[in-house]
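Student: Here it is, the structure, as structure tokens.
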Amino acid sequence: MGSSYVVSDVHGHLDELRAVLSDAGLAEGDRWVGGPSGDDALWVLGDLTDRGPDGIGVLRLVRSLQEQAPERVTMLLGNHEALMLGEKLFPDSRFSGVWLVNGGRFTDQEALTDEDVAWLRSLPAMALVGEDLLVHSDTTDYLCWGSSVEQVNATVADLLGGRDVDQLFDVFATLTSRYDYLGPRGPLAARRMLDTFGGSRLVHGHSIIASLTGTPSAQTTEALSYADGLVLDIDGGRYDGGPLLLVRLS
Ligand SMILES: [Mn+2]
116 MGSSYVVSDV HGHLDELRAV LSDAGLAEGD RWVGGPSGDD ALWVLGDLTD RGPDGIGVLR
176 LVRSLQEQAP ERVTMLLGNH EALMLGEKLF PDSRFSGVWL VNGGRFTDQE ALTDEDVAWL
236 RSLPAMALVG EDLLVHSDTT DYLCWGSSVE QVNATVADLL GGRDVDQLFD VFATLTSRYD
296 YLGPRGPLAA RRMLDTFGGS RLVHGHSIIA SLTGTPSAQT TEALSYADGL VLDIDGGRYD
356 GGPLLLVRLS
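And the structure:
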């Protein structure tokens, strides 16, 4: 049985994504290899684009790897995927200003094809991998979409597939929430998620580790376990000068 890896918040840094996947033996260039056993799995926890140089390149690479190995490569929805969809599907809506402020790049948006849009609309919001509950954002607001992983993903698929700008904006807004597992009530919030959706640890990106620890991103070297060990933050803060972390789940 192979290992499972997670990576998150690539934000357009294609070269770094290639480098960490190559170092782990998961991919060589654009080709999926699957690690030493050939049986490893990769979970990408959202936010492929914006803020960085080549978001569309990152999107194309992840899509391609998933096409090569659909059973081994899975991508979850981040707030920037909802944002990218909103800007594409509803131009001149309230998405536009928000998209720009959040680091949207015209080159990414112009290169986005109908196939890319269909792919983005098909992305699940959460997954249970062994004992790890994988999500993009450190928010308990996933609970408003359902009380099982399947239900949440079905609800989000409906919202992403619709023609209602406000529904899509709500998905984006929900996924921008953060910091629900910090502080004295953090473990309780994490337990609520794990009791509802399963797993013994919640793994997220979205909020850079530096923002939780108060130390600069340049000093981040590994994922951060917190909330009594119930939560793991894997966002090293690449856009903030930190590392792109590829984390092996155990
Ligand atoms: Mn995010």
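Once you know that position 88 of the sequence shown is 203 in this note's numbering, the rest is easy, because the numbers rise by one and skip nothing.
Virtual Cβ for every residue (Gly too), placed ideally from N, Cα, C.
As the structure is a prediction and not an experimental result, all values here were calculated from the model.
If I follow the unbroken beta strand (DSSP E) through Arg348, where does it start and stop?
Tutor: Stepping through the sequence shown from its first residue, residue 348 is reached at position 233. Here residue 348 is Asp; the residue named in the question, Arg, does not match the sequence. Where Asp348 is concerned, the enclosing beta strand (DSSP E) stretches over 346-348.
Student: According to DSSP, is Glu400 helix, strand or coil?
Tutor: Nothing can be reported for residue 400, as the shown portion of the chain is limited to 116 through 365.
Student: Tell me whether Ser292 counts as near ligand 1, meaning its Cβ is closer than 7 Å to at least one heavy atom of that ligand.
Tutor: Walking along the sequence shown from the start, residue 292 turns up at place 177. No.
Student: CA-CA distance, Ile171 and Val188?
Tutor: The count along the sequence shown starts at 1 and reaches residue 171 at position 56. The count along the sequence shown starts at 1 and reaches residue 188 at position 73. Going from the Cα of Ile171 to the Cα of Val188 covers about 18 Å.
Student: Please report the Cβ distance between Val135 and Leu361, rounded to the nearest whole angstrom; I am assuming they are in contact, meaning their Cβ atoms lie under 8 Å.
Tutor: Taking the first residue of the sequence shown as position 1, residue 135 is located at position 20. Taking the first residue of the sequence shown as position 1, residue 361 is located at position 246. With a Cβ gap of about 4 Å, Val135 and Leu361 count as contacting.
Student: Do Asp295 and Thr254 have their beta-carbon atoms positioned less than 8 Å apart in this structure?
Tutor: Taking the first residue of the sequence shown as 1, we reach residue 254 at position 139. Taking the first residue of the sequence shown as 1, we reach residue 295 at position 180. Their beta carbons are under 8 Å apart, which means Thr254 touches Asp295 by this criterion.
Student: With distances taken from CA atoms, which of Ser237, Tyr341, Thr335 is nearest Leu297?
Tutor: Along the sequence shown, one-based indexing puts residue 297 at 182. Comparing Cα-Cα distances from Leu297 to each of Ser237, Tyr341, Thr335, the minimum goes to Tyr341.
Student: Which same chain residues, not among the five before or five after Gly314, have their C-beta less than 6 Å away from its C-beta?
Tutor: Counting from one through the sequence shown, the residue named residue 314 turns up at place 199. The residues are Leu243, Glu246, Asp247, Leu248.
Student: Any beta-carbon of chain D closer than 8 Å to the one on Val318?
Tutor: Absent from the structure: chain D. Only one protein chain is present.
Student: Contact between the stretch 187-201 and the stretch 162-176: three or more CB pairs below 8 Å?
Tutor: As far as the Cβ criterion goes, the stretch 187-201 touches the stretch 162-176, which means the pair count is three or higher.
Student: Let me confirm a value: Thr336 is counted as buried when at least 16 other C-beta atoms fall within 10 Å, else exposed. Which label applies?
Tutor: The sequence position of residue 336 within the sequence shown is 221, counting from 1. Thr336 is exposed by the Cβ-count criterion.
Student: Would you list the residues whose beta-carbon is nearer than 5 Å to any heavy atom of ligand 1, in the order they occur in the chain?
Tutor: Here the residues come out as Asp162, Gly193, Asn194, His321.
Student: With C-beta atoms as the reference, is Asp355 less than 8 Å away from His319?
Tutor: Sequence index remark: in the sequence shown, residue 355 carries index 240 (1-based). Sequence index remark: in the sequence shown, residue 319 carries index 204 (1-based). No, the pair does not count as a contact, with Cβ atoms beyond the cut-off.
Student: Of all the options His126, Asp343, Pro151, which has the alpha carbon lying nearest to the alpha carbon of Pro299?
Tutor: Within the sequence shown, numbered from 1, the residue matching residue 299 stands at position 184. With distances taken between Cα atoms, Pro299 lies closest to Asp343.
Student: Just to confirm the assignment, what range does the alpha helix (DSSP H) spanning Ala240 have?
Tutor: Looking up residue 240 in the sequence shown gives position 125. No alpha helix (DSSP H) holds Ala240; DSSP gives it neither H nor E.
Student: I'd like to check one pair, Ile323 with Gly301: are the Cβ atoms closer than 8 Å?
Tutor: As a working note, residue 301 is residue 186 in the sequence shown. As a working note, residue 323 is residue 208 in the sequence shown. No, they are not a contact pair.
Student: So, at 7 Å on beta carbons, what are the nonlocal neighbours of Asp350 in its own chain, with the 5 sequence-adjacent residues on each side left out?
Tutor: The residue labelled residue 350 in the question sits at position 235 within the sequence shown. The answer, listed in chain order, is Ser123, Asp124, Gly320, His321, Ser322, Ile323, Ile324.
Student: Report, in whole angstroms, the separation of the C-beta atoms of Gly127 and Pro168, which I expect to be a contact under 8 Å.
Tutor: Position 12 of the sequence shown, counted from the start, is the residue given in the question as residue 127. Position 53 of the sequence shown, counted from the start, is the residue given in the question as residue 168. Gly127 to Pro168, Cβ: 5 Å. Contact.
Student: Alpha carbons only, please: which of Gly140, Leu345, Met308 is nearest the one belonging to Tyr257?
Tutor: Here residue 257 refers to the residue found at position 142 when the sequence shown is read from its first residue. Tyr257 has its Cα closest to that of Met308, out of Gly140, Leu345, Met308.
Student: Whole angstroms is fine: what's the gap from Phe210's alpha carbon to Thr291's?
Tutor: As a working note, residue 210 is residue 95 in the sequence shown. As a working note, residue 291 is residue 176 in the sequence shown. When rounded, the distance between both Cα atoms is 14 Å.
Student: Could you check if Gly82 is buried or exposed, using at least 16 other CB atoms within 10 Å of its CB as the buried criterion?
Tutor: Residue 82 is absent from the model: the chain starts at 116 and stops at 365.
Student: One question on the structure: do Met241 and Phe312 come within less than 8 Å of each other, judged by their Cβ atoms?
Tutor: By 1-based counting over the sequence shown, the position of residue 241 is 126. By 1-based counting over the sequence shown, the position of residue 312 is 197. Result yes, Cβ atoms of Met241 and Phe312 sit closer than 8 Å.
Student: Could you give the DSSP three-state label for Leu364: helix, strand or coil?
Tutor: Residue mapping note: residue 364 aligns to position 249 of the sequence shown, counting from 1. Strand, per DSSP.
Student: Buried or exposed for Arg236, please, with buried defined as at least 16 other CB atoms from any protein chain shown within 10 angstroms of its CB.
Tutor: Counted from its first residue, the sequence shown places residue 236 at position 121. Arg236 should be labelled buried.
Student: Span of the beta strand (DSSP E) holding Val121?
Tutor: For the purposes of this step, residue 121 is taken as residue 6 along the sequence shown, with counting starting at 1. Run containing Val121: 119-122, per the beta strand (DSSP E) assignment.
Student: Span of the alpha helix (DSSP H) holding Asp155?
Tutor: Translated into the one-based positions of the sequence shown, residue 155 becomes position 40. Careful: Asp155 lies outside any alpha helix (DSSP H) and carries neither H nor E.
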